[in-house]
Amino acid sequence: MLAGEQGRATRKAMEILVALGTIYGAEKLLPVASVQVAGVSYDNLGDAGLHFLNEMAQGGGKARVLTTLNPAGMDIENWQALGIDADFAAKQEKVIEAFARMNVITNCTCTPYLTGNVPHFGEHIAWAESSAVCYANSVLGARSNREGGPSALAAALTGRTPAYGMHLEQNRSPQITFQVDFDLPGNDDFGVLGKVIGDQLQSRAEVSIPYIRGVVRASLEQLKSFSASLATYGGAALFHMESITPEAGRFELPDEVIAVSPGELEVAKSQLTDSEVNEADFVSLGCPHLSIKEIARIAELLEGKQVVKEFWITTGRPTKQIADRMGYTATIEASGAKIAADTCCVVAPIKGRFTALVTDSAKACYYASGKNQFQTIIKPFDEVVYAALGEGCAP
Ligand code: F3S
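Each position in the sequence shown, counted from 1, maps to that position plus 523 in this note's numbering.
Printed below as a string of structure tokens:
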């Protein structure tokens, strides 16, 4: 591959992997079972990114393993309904076409593990979306570093990744214990816990893998929320949760224990909520992309009602197709809310369109304020829906 015998794009891809492996001291390459590529929204890629993708496609690049995409900047089939500009849509379509020419499955979602890209325990993968990497490593027990867009694409085109970091058993041990002895009823609570622990990790360069004790139960949706938040605030690619994640019993427990208190969660929640917001004008659920169970709940809450805010419900296309079949989409759309597949409230080009976002996601709060300069309000899942209905949208 490196000699160019398998084409220009494959050579470029292998050059990227060799450079990365050299930097990190990898001794070999590993075959990967699947890839998830980030850097899909034209809002992030720009013309330079589109040019790179076209070069790789023209150079004969073809994905050799199951490869899916992170969210794009719009709903690919229904971008007009989200108020996306036609010029942006044309560029975004070119990005998707370039990936399709490379044999990449153009399912644009940050929860590929809900829609067919599901690695099993111990499998080596090369994923790029930080929340999905954290979920795959921790909840599924797969092995992935947090790839960048180009290195994930390089892994897709070669079927390989350098053996370093999370791929090596010795790098997966927990380094610090967090004791959480109280109830975490909602997705938002798990997201806020991810912020509290993530902030601690950020302040200490020597620890990046937490071991969490005391959490008695956690649903798939809560774990995806926690993974997103821990990766965002703590840069973590892996956590272990006692009796919940599959590797938690395999390692010696770290000596250092930090107790997390309910009060710390309250403080973190207040940090994610701008107290001066009078009137939120944007509501979104689906960071990370929603499961069908969550969409069913939204449909139940919206049945026969009308929203009074712009409300985006973001998910992967296959999940939306199930929602279509079950009648959830019809119920949601009848209320005036929008199911936005393939995209999300962070990667869509909406900076300047809204002033304040209501969400249940600690990660969405981080990027909505950092990237889009929105004010933010974090609320429990059901209350976010009530906010869209005009019921209690102040902090
Ligand atoms: Fe997914 Fe967008 Fe959140 S990519 S994790 S919904 S910021």
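Backbone N, C-alpha and C fix where the C-beta goes; we use that ideal spot for every residue, glycine too.
Every value quoted in this text rests on a predicted model; they were computed, and no experiment measured them.
| said: With distance defined between alpha-carbon atoms, name the residue in Leu637, Ala561, Asn668 nearest to arginine 695. | reply: Asn668
| As assigned by DSSP and simplified to three states, the class of proline 635 | helix
| said: Could you compute how far the alpha carbon of tryptophan 650 sits from the alpha carbon of valine 555? | reply: 10 Å
| request: May I ask you to verify whether the stretch 847 to 859 touches the stretch 670 to 685, counting CB pairs closer than 8 Å and requiring at least 3? | output: no
| query | With distances taken from CA atoms, which of Ala561, Ile619, Ile836, Trp835 is nearest serine 674? | reply | Ala561
| message | For the ligand F3S, is there any heavy atom lying closer than 7 Å to the beta carbon of glutamate 779? | response | no
| message | Less than 8 Å between the C-beta atoms of glycine 583 and glycine 530, yes or no? | response | yes
| Excluding the five sequence neighbours on either side, which residues of its own chain have a C-beta within less than 6 Å of the C-beta of tyrosine 756, listed in chain order? | Lys718, Gly721, Asp722
| said: Taking 8 Å as the threshold (C-beta atoms), are lysine 902 and aspartate 610 in contact? | reply: no
| message | Below 8 Å on the Cβ atoms is my contact criterion, and I expect alanine 686 with alanine 542 to pass it. Report the Cβ-Cβ distance as a whole number of Å. | response | That belief does not hold up - the Cβ atoms of alanine 686 and alanine 542 are roughly 15 Å apart, past 8 Å.
| query | Under a Cβ-count criterion, where at least 16 other Cβ atoms within 10 Å of its own Cβ denotes burial, should serine 884 be classed as buried or exposed? | reply | buried
| What three-state label does DSSP hand serine 752 in the structure shown? | helix
| request: For isoleucine 735, name the three-state secondary structure that DSSP assigns. | output: strand
| query | Sorry if obvious, but does the Cβ on asparagine 593 come closer than 7 Å to a heavy atom of the ligand F3S? | reply | yes
| query | What is the residue span of the alpha helix (DSSP H) that isoleucine 538 lies within? | reply | Before going on, a small fix: residue 538 reads as glutamate here, not isoleucine. Segment 531 to 546, the alpha helix (DSSP H) holding glutamate 538.
| query | Looking at the structure shown, is methionine 524 part of a helix, part of a strand, or coil, going by DSSP? | reply | coil
| Is lysine 886 near the ligand F3S, judged by its Cβ being under 7 Å from some heavy atom? | yes
| message | Rounded to the nearest angstrom, what separates alanine 864 and isoleucine 900 at their Cα positions? | response | 23 Å
| isoleucine 836 and isoleucine 815: beta carbons closer than 8 Å? | no
| request: Tell me, please, whether the CB atom of threonine 842 is closer than 8 Å to any CB atom in chain B? | output: The structure shown contains no chain B; it is built from a single protein chain.
| field | Assigned exposure category for valine 780 - 16 Cβ within 10 Å defines buried | value | exposed
| request: Examine the Cβ distances between the stretch 579 to 594 and the stretch 620 to 640 and report whether three or more of them are shorter than 8 Å. | output: yes
| query | Is DSSP giving glutamate 914 helix, strand or coil here? | reply | coil
| message | Taking 7 Å as the cut-off, is the beta-carbon of alanine 751 closer than that to any non-hydrogen atom of the ligand F3S? | response | yes
| Rounded C-alpha distance that separates leucine 813 from alanine 791 | 23 Å
| field | Local Cβ density within 10 Å of proline 708, reported as buried at 16 or more and exposed below that | value | exposed
| Where glycine 875 and glycine 682 are concerned, what is the direct C-alpha to C-alpha distance, given to the nearest angstrom? | 40 Å
| task | Assign methionine 524 to buried or exposed, taking buried as 16 or more other Cβ atoms, counted over all protein chains shown, within 10 Å of its Cβ. | result | buried
| query | Just to check, is the beta-carbon of cysteine 657 closer than 7 Å to a non-hydrogen atom of the ligand MG? | reply | By its list of ligands, the structure shown excludes the ligand MG, since it contains just the ligand F3S.
| Excluding five sequence neighbours on each side, which residues of the same chain lie with their C-beta closer than 6 Å to the C-beta of proline 733? | Ile699, Phe701, Ile720, Phe762
| request: Please classify valine 881: does DSSP put it in a helix, a strand, or coil? | output: strand
| query | Comparing alpha-carbon positions, which option in Cys888, Leu824, Thr629 lies nearest threonine 906? | reply | According to the sequence shown, residue 906 is glutamate rather than threonine. Answer by Cα proximity: Leu824.
| request: For aspartate 804, I'd like the list of residues in its chain whose CB is within less than 8 Å of its CB, leaving aside the five on either flank, ordered along the chain. | output: Lys832, Glu833, Phe877, Thr878, Ala879
| field | lysine 991 - containing beta strand (DSSP E), residue span | value | Any question about residue 991 goes unanswered here, given that the chain covers just 524 to 918.
| Leaving out the 5 sequence neighbours to the left and right, which residues in its chain are closer than 6 Å to glutamate 787 when beta-carbon positions are compared? | Val719
| query | Looking only at its own chain, which residues have a Cβ that is under 8 Å from the Cβ of aspartate 566, when we skip the five neighbours before and after it? | reply | Gly596, Phe611, Val870, Ala871, Pro872
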